[in-house]
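The opening position of the sequence shown corresponds to residue 712 in the working numbering, with each subsequent residue numbered one higher.
Data block below; observations after.
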Amino acid sequence: MVRPQAAHGLLGRYCLLPLNMAETITTEAFLRKCRGLGSPVETHPFRAAARVRSTRGRYTCAFAGTRRNRTRGARRIRLSDQDLPMNAPLRASPYPATPPVHPDEVSNLPREEALRRRYGPEAALPPMPASPIVDTLLRHRSVRAFSDQFLPDGTLEMLVAAGQSAASSSNVQAWSVIAVRDPARKVRLSVLAGNQEHIRRCPLLLLWVADLARLDRIAASRDIEPHGTRYLEMLLVGVIDAALAAQNAVLAAESIGLGTVYIGAMRNEPEQVAAEVGLPDDAMIAFGLCVGFEDPSAPTADIKPRLPQRAVLHHEQYSAQSEPADVSAYDQTIAGFQASQGMRAADWSLQTARRVHELRGRERLSEALRALGLGMR
Ligand SMILES: Cc1cc2nc3c(=O)[nH]c(=O)nc-3n(C[C@H](O)[C@H](O)[C@H](O)COP(=O)(O)O)c2cc1C
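Okay, here's the thing in structure tokens:
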């Protein structure tokens, strides 16, 4: 059943058919497809939007929102309960945004307060060694509202130097990064990544590439057959290397007062994203990263609590014994956080369970990777 609170104060439930759709379909056909595919339909709690995505990503990018957010020329269709797929309960967006905190408040928090926000007021942690780097890490929060302010000269090079200072498996450095600044390209990429507005707004979008293509070229230059790049192992190396580099860049960015948000939705349409940035075979965009100064006039997200340490830290041997209690405590903590941010309370463990229930279009990733030349034996 579609639950009535799913719309929770939204202006209505809408689907937008974007202009860039591969084909034109009637409203009836669109809705039939939604229903027929059992596609997830989700509300976006902060943009007064309902998004409809087909499992194959064909009819993604359907969203309504503030006038500013609307895709120009898109057709808006009001949905009634009968229109929504009956077996696909509405869910909150996985991308929370815009609770009311001023950026300066978070960026100057002392360690104790940052820890309190990270683990909730009940958490008891021992005194820890002092470290300004850890203080910066503890204050991390994803930023999704960017100002028009330019990045200081040398910022990109600094982020890449930070990224390249990360460890790399056997030092093969199986990653690259593509800096996207062209507004038109950012718009196209944002459409491919679920129409996320921050992709358009950020001054710099970094696309982190698991780059086995360079390894292929190096092997070829030494007349050696790169058999290894056909294997899942090497793809993992590329993705891990890219993630380590990106996270170093995030820390570097945050250390100079910039905000960032990762964009996993770059994997929604891997082939189209690859074509947009001219990727060679044997390379994939693992994820994107928006970088920019936070918009001080926009309400922003506070530090988001994490699971209690006991749920993720195991001593000597893995144990899930305390997990039910820890997860339930975390559900409470997150509910408190959401309430404090003026967000609709969402049940974290239920949301998480639903996230692993189905992949919303990304179940075809291995097929897409094969199309990109990544064999994954
Ligand atoms: C690999 C990865 C992909 C993500 N993809 C997106 C995304 O596409 N859009 C978005 O708004 N946030 C995205 N996020 C941000 C997460 O939603 C966010 O990190 C998480 O909710 C925790 O919040 P925090 O970063 O503010 O602590 C992504 C994060 C990671 C690590």
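For each residue, glycine too, the CB sits at the ideal point set by N, CA and C.
Around the Cβ of residue i, are there at least 16 other Cβ atoms within 10 angstroms (buried) or fewer (exposed)?
i: P914; result: buried
i: G865; result: exposed
i: P821; result: exposed
i: P1016; result: buried
i: Q1028; result: exposed
i: D893; result: exposed
i: A1036; result: exposed
i: G970; result: buried
i: L1080; result: buried
i: L1070; result: exposed
i: L943; result: exposed
i: I1014; result: buried
i: Q1020; result: exposed
i: L1024; result: exposed
i: R928; result: exposed
i: A1040; result: buried
i: R852; result: buried
i: A825; result: buried
For residue i and residue j, which I take to be in contact (beta-carbon distance under 8 Å), what is that distance rounded to the nearest angstrom?
i: L1085; j: M977; result: With 8 Å as the limit, L1085 and M977 do not qualify as a contact, their Cβ atoms being about 15 Å apart.
i: R925; j: S887; result: 7 Å
i: H938; j: R855; result: Actually they do not touch by this definition, with Cβ atoms about 42 Å apart.
i: M869; j: A957; result: With 8 Å as the limit, M869 and A957 do not qualify as a contact, their Cβ atoms being about 14 Å apart.
i: T652; j: D993; result: Lying before the first or after the last residue shown, residue 652 is absent from the chain, which here runs from 712 to 1088.
i: T847; j: E965; result: 5 Å
CB-CB under 7 Å to residue i, same chain, minus the five flanking residues each way: which ones, in chain order?
i: S654; result: With the chain running from 712 to 1088 in the structure shown, residue 654 is simply not present.
i: A1056; result: A1046, Q1049 and A1050
i: N959; result: A873, G874, S876 and A877
i: S842; result: none
i: S818; result: R850 and G968
Roughly how many whole angstroms lie between the Cα atoms of residue i and residue j?
i: E1078; j: L862; result: 38 Å
i: L1000; j: I967; result: 16 Å
i: F857; j: A1022; result: 34 Å
i: A835; j: R827; result: 9 Å
i: E1034; j: R850; result: 26 Å
i: E987; j: E980; result: 11 Å
i: Y677; j: L1018; result: Residue 677 falls outside the range modelled here, since the chain spans only 712 to 1088, and no answer is possible.
i: A890; j: Q1032; result: 45 Å
i: E816; j: G905; result: 30 Å
i: E936; j: D1058; result: 51 Å
i: D1006; j: A1012; result: 12 Å
i: C745; j: A1009; result: A caution first: C745 carries a pLDDT of 48, below 50, which makes its placement in the model unreliable, though a value can still be read off. Cα to Cα, C745 sits roughly 34 Å from A1009.
i: Q1052; j: E833; result: 18 Å
i: M1087; j: A1064; result: 27 Å
i: I974; j: L918; result: 9 Å
i: P838; j: L900; result: 44 Å
i: E823; j: H1068; result: 37 Å
i: I844; j: V883; result: 27 Å
i: S881; j: M1054; result: 45 Å
i: R1075; j: R896; result: 24 Å
Does DSSP classify residue i as helix, strand or coil?
i: L917; result: strand
i: I889; result: strand
i: V1002; result: strand
i: Y942; result: coil
i: A997; result: strand
i: F857; result: strand
i: Y973; result: strand
i: D1058; result: coil
i: D922; result: strand
i: I951; result: helix
i: K897; result: helix
i: N882; result: helix
i: Y1029; result: coil
i: G874; result: helix
i: S1039; result: helix
i: M869; result: helix
i: A834; result: coil
i: A904; result: coil
i: L826; result: helix
i: G1047; result: helix
i: L992; result: Rather than Leu, the amino acid found at residue 992 in this sequence is Asp. Correct three-state label for D992: coil.
i: E987; result: helix
i: A681; result: Here the chain covers residues 712 to 1088 and nothing more, so residue 681 does not appear.
i: T1011; result: coil
In chain order, what residues of the same chain lie with their CB nearer than 6 Å to the CB of residue i, ignoring the 5 residues before and after it?
i: G1003; result: F857, C913 and P914
i: V898; result: R911
i: V961; result: T971
i: P991; result: A924
Starting from the C-beta of residue i, find all residues in its chain whose C-beta is less than 8 Å away, skip the five residues before and the five after it, and write them out in chain order.
i: A885; result: S879, A921, D922, L923, R925, L926, M945, V948, G949, D952 and A953
i: R1073; result: R978 and N979
i: A985; result: A994, M995, I996 and L1083
i: Q860; result: P914, G1003 and F1004
Using a Cβ-Cβ cut-off of 9 Å, state whether residue i counts as contacting chain D.
i: I889; result: In the displayed structure, chain D is absent; only one protein chain is listed.
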